[in-house]
Amino acid sequence: MAKFLRLLQTLDYMRMVVGICILVDGYPLIFFFRDTLKLAPGSSAFTAAGFAGGLILMVPFTVLRRLYRPNITMFWIGMAFILTSILYMYVYPSPEPLDYTREMIYYAYILIFLFLLINIPNDIIPVVVPIVVLFTLVSNLGLIYSLITNPTWAIGQRATIVLNNSDDGSGNPHVFARNAFMGIIACVMWLVRPQTNVLFRLLAFFSGVVSVVILLLTQTRSSILALILVVALFFYFNVRPAQIRATVRSLFTPVPIIVAVLGIVGVIVFFQRYGDIYAVLYGYAMGFMERNLDNIYAFLGLQSQGVDYKATLDDSVANRAVNFGFLTKVLVSQAYMLIPGYGYKFSYLDVPMLEALTSQGVLGLALFGTINAMSLRHSLRTMRENSNPMNIFLAYFYMLVFVQIFSGGRPYEITFWFPLALMIRFMGVEHLFPAYLMDHSVAKNDKSSTYVVVQNGTV
């Protein structure tokens, strides 16, 4: 009976984590059901309903009766930025028309998500990584099905789901790259944990390979840069010089040499037999490098392919170049306007950190910059201490958010604030988690992180 109750409790924790995944990484699945299966093509109401379903799944049975302490400093900084954004939206908006209802719905989702996180128990920690592995795998398979069944998609195009019944391959590859990025991190964590059995290791390996392929097919610079950063940080915090020397010495023994030779021969034979796959991978790699080199050449005013060829910026980089020009003019002629800012969503700079400054002035930049700086600091500390699997996952996942606050999006978007809400709830409060949830105890005491308990209507 006790085992059955523990199973039910674990399933309940899984339900909550699935709800969190829908909010943080729900776009790939929502687009799959909405636009690939044609349940409601292009419907924003369907998207809103999907996120609402995620919020419902997050509701614990102890809601309003047991609250858990978040990172109080980050909580109030985050709330200050959100409230400042709402105040600017109504009092100091940009000249462009705003859909106030739509904007407030976004902020409502952020606030409800954060509130529910404060209600969710810390005991979800052990099931977070397995659920992320499964959730990202299902989302990746949905994208693969969409690509296979889409007659307008061809090898060489960026992998995405076509939106709004368009025929030009339009879509948002960044949400699929984020899903793949999360999948890679979760799969690697599940693979290296000694508690994972063989079957689950095979599943994690398969899911991780699929995620790597999807990440390459989406051709998103920010995700690939973030993955490189994650690999560098992982080696920095987890690999010591003595380990490197021992590994190198072990490679020059008979068994590793034989395995390496067989592996190289196997790869060569595979690509000789399936030359199309090699051509596809080579084409994607060369196209990605050429496109990025073109951006560099264009910035420098150089030519990359002979005298008759002039390098050009792609749309996203060109947009940022234009907006940097606008910011430069502001700094030269109207620098004083950056103190209050130019108004809510004055200009789409496509660099969230700079838009926080131009739209909401010094205060907006200070609040948005501070909460991200604290998230980065806690992430690096978590990587060093390896406290518990969920926080380790959040720490490495935040590297994508960190790259994107300088490379794309707006500081008010839910794609930033859902991950930041997770950082507010779980980062910097590990010392309050029960010891049985920690891989390496960082607790100074064994107190739970219960902040407020409401019983019989009293606090």
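Take the sequence shown: its letters are residues 1 to 459, numbered as in full-length UniProt numbering. Note that the Cβ used here is the ideal one computed from N, Cα and C, for glycine as well.
Next on the checklist: What does the Cβ neighbour count give for Arg240, buried or exposed, with the cut at 16 atoms within 10 Å?
Outcome noted: Position 240 of the sequence shown, counted from the start, is the residue given in the question as residue 240. The residue in question, Arg240, is exposed, as its Cβ has fewer than 16 Cβ neighbours within 10 Å.
Item to check | Close-in-space but distant-in-sequence residues of the same chain around Thr382 (CB under 8 Å, 5 per side omitted) | outcome: Residue mapping note: residue 382 aligns to position 382 of the sequence shown, counting from 1. In the same chain as Thr382, and ignoring 5 residues on each side of it, the C-beta atoms closer than 8 Å to its own belong to Asn391, Ile392, Leu394, Ala395, Met427 and Glu430, in chain order.
Next on the checklist: Check for me: the beta strand (DSSP E) holding Met66 runs from which residue to which?
Outcome noted: Walking along the sequence shown from the start, residue 66 turns up at place 66. It should be noted that the sequence gives Arg, not Met, for residue 66. Counting along the chain, the beta strand (DSSP E) containing Arg66 begins and ends at Arg66 to Tyr68.
Checklist entry - Which of the three DSSP states, helix, strand or coil, is assigned to Ile258? => result Counted from its first residue, the sequence shown places residue 258 at position 258. The answer is helix: DSSP assigns Ile258 an H, G or I state.
Checklist entry - What are the uninterrupted segments assigned as alpha helix (DSSP H) that are 4 or more residues long and contained completely in the segment 50-94, given in chain order? => result 72-91
Checklist entry - Is the number of C-beta pairs between the segment 174-185 and the segment 202-220 that are closer than 8 Å three or more? => result yes
Next on the checklist: Quick check on Ile339: does DSSP put it in helix, strand or coil?
Outcome noted: Here the question's residue 339 lines up with position 339 in the sequence shown. Looking at Ile339 - three-state DSSP - the assignment turns out to be coil, as it is neither helix nor strand.
Checklist entry - In or out: Tyr342 buried (at least 16 other Cβ within 10 Å) or exposed? => result Residue mapping note: residue 342 aligns to position 342 of the sequence shown, counting from 1. Tyr342 is buried by the Cβ-count criterion.
Item to check | Beta carbon proximity, Ser85 to chain C, threshold 8 Å | outcome: No chain C appears in the structure shown, which is made up of a single protein chain.
Checklist entry - From Asn172, Phe135 and Pro194, pick the residue whose C-alpha is nearest to that of Gly208; which is it? => result Here the question's residue 208 lines up with position 208 in the sequence shown. The shortest Cα separation from Gly208 among Asn172, Phe135 and Pro194 belongs to Phe135.
Next on the checklist: Just to check my reading of the structure: Gly26 and Gly50 have Cβ atoms closer than 8 Å, yes? What is that Cβ distance to the nearest angstrom?
Outcome noted: Here the question's residue 26 lines up with position 26 in the sequence shown. Here the question's residue 50 lines up with position 50 in the sequence shown. About 6 Å separates the two Cβ atoms, so the contact holds.
Checklist entry - Out of curiosity, what's the CA-to-CA distance linking Phe252 and Tyr436? => result Within the sequence shown, residue 252 is the residue found at index 252, counting from 1. Within the sequence shown, residue 436 is the residue found at index 436, counting from 1. Straight-line Cα distance between these residues: approximately 41 Å.
Item to check | Inter-residue CB distance, Leu338 and Thr358 (contact presumed, cutoff 8 Å) | outcome: Along the sequence shown, read from residue 1 onward, the residue named residue 338 stands at position 338. Along the sequence shown, read from residue 1 onward, the residue named residue 358 stands at position 358. About 7 Å separates the two Cβ atoms, so the contact holds.
Next on the checklist: For a quick check, are the C-beta atoms of Asp439 and Asn386 less than 8 Å apart?
Outcome noted: Position 439 of the sequence shown holds residue 439. Position 386 of the sequence shown holds residue 386. Contact: yes.
Next on the checklist: My assumption, with CB atoms under 8 Å, is that Ala356 sits in contact with Pro411. Please give the rounded CB distance.
Outcome noted: As a working mapping, residue 356 is identified with position 356 in the sequence shown. As a working mapping, residue 411 is identified with position 411 in the sequence shown. With a Cβ gap of about 4 Å, Ala356 and Pro411 count as contacting.
Checklist entry - Can you give the Cα-Cα distance for Val18 and Phe61, rounded to whole angstroms? => result Along the sequence shown, read from residue 1 onward, the residue named residue 18 stands at position 18. Along the sequence shown, read from residue 1 onward, the residue named residue 61 stands at position 61. Using only the alpha carbons, I get a separation of about 16 Å.
Next on the checklist: Please state whether the Cβ-Cβ distance between Asn150 and Ser211 is less than 8 Å.
Outcome noted: Residue mapping note: residue 150 aligns to position 150 of the sequence shown, counting from 1. Residue mapping note: residue 211 aligns to position 211 of the sequence shown, counting from 1. In this structure, Ser211 does not lie closer than 8 Å to Asn150 by Cβ.
Checklist entry - Rounded C-beta distance between Phe424 and Asn71? I'm assuming under 8 Å. => result One-based indexing of the sequence shown puts residue 424 at position 424. One-based indexing of the sequence shown puts residue 71 at position 71. Position check: residue 424 holds Ile in this sequence, whereas Phe was assumed. Contact flag correct, Cβ pair sits at about 5 Å.
Checklist entry - Just how far apart, CA to CA, sit Gln404 and Tyr398? => result Here residue 404 corresponds to residue number 404 of the sequence shown, with the count starting at 1. Here residue 398 corresponds to residue number 398 of the sequence shown, with the count starting at 1. Each residue's alpha carbon lies about 10 Å from the other.
Checklist entry - For Pro340, which of Leu29, Thr10 and Ser94 has the nearest alpha-carbon? => result Translated into the one-based positions of the sequence shown, residue 340 becomes position 340. Of all alpha-carbon atoms in Leu29, Thr10 and Ser94, the one lying nearest the alpha-carbon of Pro340 is that of Ser94.
Checklist entry - Beta-carbon separation of Ala421 and Leu114 under 8 Å? => result One-based indexing of the sequence shown puts residue 421 at position 421. One-based indexing of the sequence shown puts residue 114 at position 114. Cβ atoms of Ala421 and Leu114: closer than 8 Å.
Next on the checklist: Would the segment 90-110 count as touching the segment 1-12 if we require 3 or more Cβ pairs under 8 Å?
Outcome noted: no
Item to check | Straight-line gap, Leu37 to Gly171 (C-alpha atoms, nearest Å) | outcome: If you number the sequence shown from 1, residue 37 lands on position 37. If you number the sequence shown from 1, residue 171 lands on position 171. The straight-line gap from Cα to Cα measures roughly 15 Å.
Next on the checklist: Going by beta-carbon coordinates alone, are Asn119 and Leu67 separated by less than 8 Å?
Outcome noted: As a first step, residue 119 must be located in the sequence shown, where it is residue number 119. As a first step, residue 67 must be located in the sequence shown, where it is residue number 67. Yes, the Cβ-Cβ distance between Asn119 and Leu67 is below 8 Å.
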